[in-house]
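Numbering (our numbering), first residue to last: 296 to 784. Just so it is clear, CB atoms sit at the ideal spot from N, CA and C, and this is done for glycine as well.
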């Protein structure tokens, strides 16, 4: 939708302050009318922002700022409304004899969809589930450390989230700095349980709609990875597919989310990065802030290079500390020997606690290897090299925040392994359940035995290593697989 005559240019920025409530789930067609004319940078970004609009189901007339707020309202959904809609439908159908709909849990790789069947989520399976939909997919997001206190257990909850887009054009990408607030439990049973254990004042506002406020920053190139500095919420690092690593200061955006009516002009979406590093030359995905030393960071690219970022006055001193083996002789010397020739560093992370916290880091690469380095060491090789940790690309890894010597990894074949740094090359646990590549792994923040994995098989699995093997359950599962094979055979 083009800019209306007589509108002030500042409306584009004022629109960024718009707040919106999450709406009930519905099929929303994304409005993607774009006017691709050659203009200056400000006008081009304005058109890209307008293209982010989500189609309003009621086709009302809006000013630009109203439309931007309406887009998130139409694209976002609170599944508390979904549950209430299901209940309303059930009330309407009372007294009518209809064929009963049979539902069952979906098992990726085992179950198949028959003609006319479709997958849908069960709202009762979640204590709280809120969803927001944007026009472009986000390859990466991160959660800011809550400025008003962490580990709160009672609703309503608030979350500050930063995500980066993968837009149709390089100039169409942006960082979203979002504030999700008034997040109440969406499961009625969970709400009833809370009501019994809380006083009357805690119940007030439980029927309020959740809200989403956001600000944007223009970003050159697809955002491959975004990471927030744990000690300073205002610092956010991004990996661009243009081969650049940027550091952004989002302090103004976060403050504006907390105080939308603050005096003074709103922060501009054309904000330049605080610092940019271009010497990787190629794109990458590995990126991690140091959990101990504020401002220290690692970045790794698809050609096996790892850079160490150390803060200094006015920016960062960036040095290449590792590159792929058998590199050209003219390559600058580095501190550590790296991955095999042609291998990509897919992930890197600093050790979170225990011995070596803030000095030891691990890398995962597509040559199947996991390598652990100590920046205090004078030796060139890794402190521990698991050269054949996996038989395929290692896509993800994570140090445990509780049991600090444990390392979790996932590969291209869907295999998940748990390692103990102290015991070398033999994994403690090997789990082969996912049917397609692992995309992400992470530990529970307080439970040393629990972690989650996500996969391209469209599933997220929750694991508990403290649970003993149920032989009867395994037998039932084998029987189900055999029956399914006979049915399909």
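Straight through space, the alpha carbons of residue 738 and residue 699 are spaced by roughly 11 Å. Annotation for residue 589: 524, 526, 527 and 606 place their beta carbon closer than 8 Å to its own, counting only its chain and skipping 5 residues before and after.
Taking a contact as a CB-CB distance under 8 Å, the pair residue 516 and residue 577 does not count as one, their CB atoms being some 12 Å apart. Taking C-beta separations shorter than 8 Å and ignoring five residues to either side along the sequence, the partners of residue 433 in its chain run 458, 459, 460, 461, 471 and 518, following chain order. Look at residue 653 here: in three-state DSSP terms it is coil, with no helix or strand label.
Secondary structure of residue 780 (DSSP, three-state): helix. Cβ neighbours of residue 682 within its own chain (closer than 6 Å, five residues either side excluded): 664. For residue 425 and residue 733, the gap between their C-alpha atoms comes out near 24 Å. With fewer than 16 other beta carbons inside 10 angstroms of its own, residue 762 counts as exposed. If you ignore the 5 residues before and after residue 716, its C-beta comes within less than 6 Å of the C-beta of 700, all in its own chain and listed in chain order. For residue 457, the enclosing beta strand (DSSP E) begins and ends at 452-461. By the Cβ neighbour-count rule, residue 416 is exposed, with fewer than 16 other Cβ atoms within 10 Å of its own. A distance below 6 Å between beta-carbons, with the five flanking residues on each side excluded, links residue 781 to no residue of its chain. Annotated as distal: residue 692 and residue 755, with beta-carbon spacing of 8 Å or more.
Within the model, the alpha-carbon separation for residue 696 versus residue 740 is close to 6 Å. Counted as a single uninterrupted DSSP element, the alpha helix (DSSP H) harbouring residue 548 occupies residues 546-553. Residue environment for residue 575: buried (at least 16 other C-beta atoms within 10 angstroms of its C-beta). Minimum Cα-Cα distance from residue 504 among the listed residues 453, 749, 707 and 702 corresponds to 453. Selection 561, 672 and 684 evaluated against residue 660 yields 684 as nearest (Cα-Cα).
The C-beta separation of residue 724 from residue 713 comes to about 4 Å, placing the pair in contact by the 8 Å criterion.
In the DSSP assignment, residue 710 falls within the unbroken beta strand (DSSP E) covering 710-715. Shown here, residue 606 sits in a strand according to DSSP, grouped into three states. Here residue 749 has 734, 735 and 755 as same chain residues with Cβ atoms under 6 Å from its own Cβ, once five neighbours each way along the sequence are excluded. A direct Cα-to-Cα measurement between residue 779 and residue 728 gives close to 17 Å. Per DSSP, residue 641 is one residue of the beta strand (DSSP E) stretching across 640-645. Taking C-beta atoms as the reference points, residue 530 and residue 540 fail to come closer than 8 Å. Using a 10 angstroms sphere on the CB of residue 405, the tally of other CB atoms stays under 16, which defines it as exposed. For residue 472, the enclosing beta strand (DSSP E) begins and ends at 469-478. Look at residue 773 here: in three-state DSSP terms it is helix.
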